[in-house]
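Chains as they are written, first to last, in our numbering: chain A, 5 to 366; chain B, 5 to 366.
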């Protein structure tokens, strides 16, 4: 999503949409913090979640939800649709917070991850180990609360019975898919291999369906989309979502931390089983593989070792291969978009999204 | 809940209700496992969740939901109500699985906890530390899935729009309350003190509202209960729920592992900040306190040291004090029940529940 987005068919732009989503999230969490304080409950949960959301994020899922709404003929940004979209961002906060605990990441969006913040805040009077465990436990709970509040945003959105009936199965599917994707990812992390198919499955469930397809579906369903439109959106979304994740995999190893907000060492240190790594291992010479394998999943990986790993990955041709996969998927997405029964306004937004996905640096 | 429950007004007993709830859960999870296998997704998530639910559990929340339904004039066990009730058990699985990860518990219901099972299953090819971390991450994800599927059970229950509208705010409140309660508990664990008020707040949010009040409310709301009935149920449920947790605190230290299915060392080893412990510390002599404090939260606590801790806790009068608190709350619950606008059939069930709460050994 670019910041200089074109005007919507009804004259309102993406910046305005983003501001509306953020207002919903801010107001909801400020209310929650006040309600907690009134009942002597820990208001830091809502406050930390608010900080987490304010620290960044492209709001790509809620904006796609609104775009989906427009593709199916929805006009403007009615509050029930904006609240549903905001619920997707709250759900995403749940995903990221739990992911960071599982990955033991130190930073997110240029700030300490939530579990690190909590560990530091509650360190006094505790051993380092106890504080670290407390940080993880409380972060998991704030993630759980984000998931619960994502539901509450939807439940209080003011949707009609028909809209609820149409959207709930899509939302349930999205949640199940992303959790399956993350499960596959966690099982594969630390044991990267040459299995490109496994890496692509993770890509599809964790990203393509979750980040692109389902948000579009949910928005479109709110405007009463039929199955033909939903299928057209899938045909566009799945290849684009795979391209999105493939770009992410490249950025995770070769990205500039000044842009991505996280160290370009994490994916290597965790031994993420990405398509990039699977291709590198598959096409590496014996010598390259022997050099690369011990660096993947090596928690103490230095900058120099990371540079070596990057050189080997590039030398195997994996970077070029992934760029080719991204281009191919970009082409597929655009050709499906051209054939989709979508008006020029929202089609332009989807086209811009596709361009951005293949070019982004963050 | 006793197993020899009286017949319901319409002739169906609690055993029958429990069987219906279990059938819903079994069928739902078997469908999920098959769907996952068909898509090459990890079907072990649904299978392990199914094992977890089959390993035990009193189904107290779904049975209370059905009882709530009866208090408001609902008849029989229509499938939408049973599915809503089953969703509460699925949600409870989420709570327990995450709690066990946070508490680093080894056993639950006489079996290894889910994160230990997962660590053992995925140990081959991993270091012990990596396997343990994987166990925790995957258990958190299965917990997340249980929460998502609790929603799905409700969404697919076939409730009317009015029922959904009435139930969703209660469900949202229940979820937020139990997560707040668990957050307070996690923050207090390991730093037990003399603060009885803090321990009682944990008791109220984590148990009284979550285990007793909200399940009754949800069932009653499905049958169209008005605010007067909901308030009467609260007046009964809150003291009873506190009694339930106070009994749990006693069982956690003095219970027979053959009945409770978990070692009577866990609460002491974790340094749980229960009302029992707060009272013991408050009324301990200097010598008793000096002996007791180092034993609380001592991960390597031996059986002998646990016996010493139990002796001290008893000697401070804390056990007697907690038994008195249980009796007082039991009396309050019964007196509110007598005044409540509830028919004799469901009133008898609630009375049996109250009796069971104060006497239970598991």
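Note that the Cβ used here is the ideal one computed from N, Cα and C, for glycine as well.
| request: Assign residue 193 of chain A to one of three DSSP states: helix, strand, or coil. | output: Secondary structure of residue 193 of chain A (DSSP, three-state): coil.
| query | Does any C-beta atom of chain A lie closer than 8 Å to the C-beta of residue 5 of chain B? | reply | Low per-residue confidence applies at residue 5 of chain B: pLDDT is 37, beneath 50, and the placement is therefore not dependable enough to give any value.
| query | Does the distance from the C-beta atom of residue 190 of chain B to that of residue 145 of chain A stay below 8 Å? | reply | Going by beta carbons, residue 190 of chain B and residue 145 of chain A fall inside the 8 Å limit.
| request: Inspect the beta-carbon positions of residue 116 of chain B and residue 107 of chain B and report whether they are closer than 8 Å. | output: Against a cut-off of 8 Å, the Cβ pair of residue 107 of chain B and residue 116 of chain B comes out as no contact.
| message | For a quick check, are the C-beta atoms of residue 21 of chain B and residue 70 of chain B less than 8 Å apart? | response | With contacts defined as CB atoms closer than 8 Å, residue 21 of chain B and residue 70 of chain B qualify as a contacting pair.
| field | Own chain partners of residue 105 of chain B with C-beta closer than 7 Å, once the 5 adjacent residues on each side are dropped | value | Around residue 105 of chain B: 119, 140, 143, 144.
| query | What runs of the alpha helix (DSSP H), each 4 residues or longer, lie entirely inside the segment 239 to 267 of chain B? | reply | With a minimum length of 4 residues, the continuous alpha helix (DSSP H) runs that stay inside the segment 239 to 267 of chain B are 261 to 264.
| request: List the residues of chain B that residue 129 of chain A touches, going by C-beta distances under 7 Å, in chain order. | output: Per Cβ cutoff of 7 Å: 195.
| Given that a residue counts as buried once 16 or more other Cβ atoms are within 10 Å of its Cβ, and exposed if not, what is residue 289 of chain B? | Exposed.
| task | Could you have a look at residue 112 of chain A and say whether DSSP puts it in helix, strand or coil? | result | The answer is strand: DSSP assigns residue 112 of chain A an E or B state.
| Residue burial classification, residue 348 of chain B (beta-carbon count within 10 angstroms, cutoff 16) | It counts as exposed.
| Leaving out five residues before and five after residue 246 of chain B in sequence, what residues of the same chain have Cβ atoms less than 8 Å from its Cβ? | Here residue 246 of chain B has 204, 207, 208, 211, 212, 329, 333 as same chain residues with Cβ atoms under 8 Å from its own Cβ, once five neighbours each way along the sequence are excluded.
| request: List in chain order: all unbroken alpha helix (DSSP H) runs of 4+ residues lying wholly within the segment 269 to 312 of chain A. | output: Within the segment 269 to 312 of chain A, complete alpha helix (DSSP H) segments of at least 4 residues are found at 270 to 274, 279 to 287, 290 to 296, given in chain order.
| field | For residue 214 of chain B and residue 270 of chain A, the rounded distance between their alpha carbons | value | In a straight line, the C-alpha of residue 270 of chain A is about 39 Å away from that of residue 214 of chain B.
| query | Between which two residues does the alpha helix (DSSP H) harbouring residue 119 of chain B extend? | reply | Secondary structure note for residue 119 of chain B: its alpha helix (DSSP H) is the uninterrupted segment 118 to 125.
| message | Give me the chain A residues within the contact set of residue 190 of chain B, using Cβ-Cβ distance strictly less than 8 Å, ordered along the chain. | response | Simply 138, 141, 142, 145.
| said: Below 8 Å on the Cβ atoms is my contact criterion, and I expect residue 92 of chain A with residue 219 of chain A to pass it. Report the Cβ-Cβ distance as a whole number of Å. | reply: With a Cβ gap of about 6 Å, residue 92 of chain A and residue 219 of chain A count as contacting.
| C-alpha gap between residue 341 of chain B and residue 248 of chain B, whole angstroms | About 16 Å.
| query | DSSP on residue 351 of chain A, reduced to helix/strand/coil? | reply | Look at residue 351 of chain A here: in three-state DSSP terms it is helix.
| task | Could you tell me the boundaries of the alpha helix (DSSP H) in which residue 84 of chain B lies? | result | Counting along the chain, the alpha helix (DSSP H) containing residue 84 of chain B begins and ends at 83 to 107.
| request: Starting from the beta carbon of residue 329 of chain A, find every residue of chain B whose beta carbon is closer than 7 Å, and list them in chain order. | output: Chain B residues near residue 329 of chain A: none, gap ~20 Å exceeds 7 Å.
| query | In whole angstroms, what is the alpha-carbon distance linking residue 294 of chain A and residue 287 of chain A? | reply | Rounded to the nearest angstrom, the two C-alpha atoms are 12 Å apart.
| query | Out of curiosity, what's the CA-to-CA distance linking residue 78 of chain B and residue 73 of chain A? | reply | So the two alpha carbons sit approximately 40 Å from each other.
| message | Would you say residue 44 of chain B lies against chain A (beta-carbon separation less than 8 Å)? | response | Cβ-Cβ to chain A under 8 Å: yes for residue 44 of chain B.
| field | Contacting positions in the segment 147 to 161 of chain A - beta carbon closer than 7 Å to chain C | value | The chain labelled as chain C is not found among the protein chains of the depicted structure, namely A and B.
| request: Taking residue 164 of chain B as part of the alpha helix (DSSP H), name the residues at either end of that continuous run. | output: Where residue 164 of chain B is concerned, there is no enclosing alpha helix (DSSP H), given that its DSSP letter is neither H nor E.
| request: Report the rounded CA-to-CA distance for residue 157 of chain A versus residue 80 of chain B, giving the unit in angstroms. | output: Roughly 33 Å between the two C-alpha positions.
| request: Please report how far the alpha carbon of residue 259 of chain B lies from the alpha carbon of residue 327 of chain B, in whole angstroms. | output: Looking at the two C-alpha atoms, the distance is approximately 14 Å.
| message | Tell me which residues share the same chain as residue 102 of chain B and place their Cβ nearer than 6 Å to its Cβ, disregarding the 5 neighbours each side in the sequence. | response | Within the same chain, residue 102 of chain B has close Cβ partners 147.
| request: Using a Cβ cut-off of 7 Å, pull out every chain A residue sitting near residue 183 of chain B, in sequence order please. | output: Within chain A, the residues near residue 183 of chain B are 145, 148, 149, 152.
| message | I'd like to know whether the C-beta of residue 34 of chain A is nearer than 8 Å to at least one C-beta of chain B. | response | Answer no: the Cβ-Cβ gap between residue 34 of chain A and chain B never drops below 8 Å.
| said: Considering Cα atoms alone, identify which of B:325, B:58, B:319, B:355 is closest to residue 336 of chain B. | reply: Comparing alpha-carbon positions, the option among B:325, B:58, B:319, B:355 lying closest to residue 336 of chain B turns out to be B:355.
| task | Taking only beta-carbon positions, decide if residue 180 of chain B is within less than 8 Å of chain A. | result | Under the Cβ criterion of 8 Å, residue 180 of chain B is counted among the residues facing chain A.
| task | Check distances from the C-beta atoms of the segment 230 to 246 of chain B to those of chain A and list, in chain order, the residues that come in under 9 Å. | result | Result list empty, no residue passes.
| query | Is there at least one Cβ from chain A nearer than 8 Å to residue 221 of chain B's Cβ? | reply | With 8 Å as the cut-off, residue 221 of chain B does not count as an interface residue toward chain A.
| query | When DSSP labels each residue in this structure, what does residue 43 of chain B get in the three-state scheme? | reply | The answer is coil: DSSP assigns residue 43 of chain B none of H, G, I, E or B.
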